[in-house]
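What the sequence shown shows, in my numbering, is residues 1 to 97, in sequence order.
Where is the CB? At the ideal position from N, CA and C, for every residue including glycine.
What follows is a set of notes on a single structure, which appears directly below.
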Amino acid sequence: MKEPFYITTSIPYVNGEPHLGHAMEFIQADVLARYARLQDKDVVYSTGSDEHGSKVAETALKLGITPKELADQNSQRFRELMSKLNVTSDRFIRTTD
């Protein structure tokens with residue numbers, strides 16, 4: 001049986017678009033996950049998006065959309081960023097799921 005190895009990132013708020021800080025954290029976790037896989041560990045790399053909170057509601061109100069619409073848009077942007085960076089998480093969890 002392989003040794004388990006779990007890694008997670010903080011889950012960013014969706015009140016704004018992804019930025020360099022998010023990219024850095026996703027890449028750092030991805031590097032660790034890949035290294036652990038090379039060591040034949042059973043890796044679970046989990047990340048996601050935090051879609052609750054007053055900042056999400058405030059931003060959605062300013063944009064004239066619902067908090068859910070904002071969450072859907074920006075959650076997808078985070079996934080697209082990960083794809084462009086060739087970051088492959090095992091789980092992407094949305095707090096609205």
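Go to residue i, then tell me how far its alpha helix (DSSP H) extends in each direction, as first and last residue.
i: Thr59; result: Ser54 to Leu63
i: Met82; result: Pro67 to Lys84
Helix, strand or coil for residue i per DSSP?
i: Asp40; result: coil
i: Ile27; result: helix
i: Ser89; result: coil
i: Gly181; result: Outside the displayed range of the chain (1 to 97) lies residue 181, so it cannot be described from this structure.
What residue range is occupied by the uninterrupted beta strand (DSSP E) comprising residue i?
i: Pro4; result: Pro4 to Thr8
Measure how close the beta-carbons of residue i and residue j come, nearest whole angstrom, since I'm counting them as under 8 Å.
i: Glu17; j: Arg77; result: 6 Å
i: Ser103; j: Asp97; result: Missing from the structure shown is residue 103; the chain here goes from 1 to 97 and no further.
i: Ala23; j: Leu81; result: 6 Å
i: Ser49; j: Ser75; result: 5 Å
i: Gly64; j: Tyr13; result: Gly64 to Tyr13, Cβ: 19 Å. No contact.
Just to confirm, are residue i and residue j a CB contact at a threshold of 8 Å?
i: Leu85; j: Phe5; result: no
i: Ala29; j: Glu51; result: no
i: Asn15; j: Lys68; result: no
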